[in-house]
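Per the numbering used here, the sequence shown starts with residue 84, numbered consecutively.
All C-beta atoms in this analysis are idealised placements derived from N, C-alpha and C, irrespective of residue type, glycine included.
Everything on this sheet refers to the single structure shown next.
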Amino acid sequence: MCPSEDGNSTTGVQPEETPSVSRAGAGAGAAAVPLMDRTASELKQLFEATLGGGSLREAVKLPQGIDYREWLAVNTVDFFNHVNVLYGALTEFCTHSTCPIMSAGPKYEYRWADGIIVTAPIEVTAPEYAEFLLDWIEDLLKDDSIFPKNLGVPFPPNFEVLVKTILKRLFRIYAHIYHSHFNIVERLHVDAHLHTCFKHFVLFIWEFRLVGEAELAPLHDMVDAIVKAEP
Ligand SMILES: [Zn+2]
């Protein structure tokens, strides 16, 4: 894989490390991952059959009388916990040797920067990326000035930007799991749980337009199947 240069533009909080499309190997010799090879209608059927279809679609909507940022906060905590548990089940299969580059299929790889300790994006293995990311999010969630524990305490002005960055990066873990570890997920019989968590996540980010479509490209067909699935 030939990593392209990562952007260093800032989002106000940390550098934006957009997915880099590798110049070499794109489309050539891509490993066949069964799920990724399924047709749009097969994926649509899969996500229609996934638990919590209609209720999830309703569940992501902003409840009446709830502050938008409060709703973002509550759901961000949930999505963090889902990814923590799902990825946690795979740690013995996602190692520095199996996944020496944090990637989502042959065309996308991700570098790490938190904008505080690591300001210039660095190449990391998938388990390093996951560890850095989950630790970074956990620290943010524990910070009362960012995620206030008490109702009525104001959120920081950059809260929505920060949540978008968190969700964008959590998506990358899903993308890595689906591209690199779906066989194990099936063998562990956690595929239905993965699909449900991912569907919930996608419906939420779609409802509030929290993650740009370019970021979703590594799982474009699946995202499409979810947002177009019948309730
Ligand atoms: Zn991995």
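Since residue i is in the alpha helix (DSSP H), which residue starts that stretch and which ends it?
i, result
"Glu214", "209-225"
"Met305", "303-311"
"Tyr170", "151-171"
"Leu277", "274-290"
Determine whether the beta carbon atoms of residue i and residue j lie at a separation below 7 Å.
i, j, result
"His272", "Phe176", "no"
"Phe130", "Ala312", "yes"
"Asp304", "Leu173", "no"
"Phe230", "Leu224", "yes"
"Pro183", "Thr208", "yes"
"Leu286", "Leu139", "yes"
"Ala187", "His276", "no"
"Glu206", "Arg194", "yes"
"Ala258", "Pro301", "yes"
"Val246", "Thr159", "yes"
"Asn164", "Leu217", "no"
"Tyr170", "Ile256", "yes"
"Pro204", "Ala196", "yes"
"Leu299", "Val310", "no"
"Val294", "Phe254", "yes"
From the DSSP output, in three-state form, read off residue i for me.
i, result
"Tyr261", "helix"
"Gly108", "Low confidence applies here, because Gly108 scores a pLDDT of 36, under 50, leaving its location unreliable; read the following figure in that light. Residue state, collapsed to three classes: coil."
"Arg121", "coil"
"Ile199", "coil"
"Glu141", "helix"
"Ile249", "helix"
"Glu298", "coil"
"Glu175", "coil"
"Ile229", "coil"
"Ile205", "strand"
"Met185", "coil"
Any heavy atom of ligand 1 closer than 6 Å to the beta-carbon of residue i?
i, result
"Cys182", "yes"
"Ala209", "yes"
"Ser186", "no"
"Ser124", "no"
"Cys177", "yes"
"Ser263", "yes"
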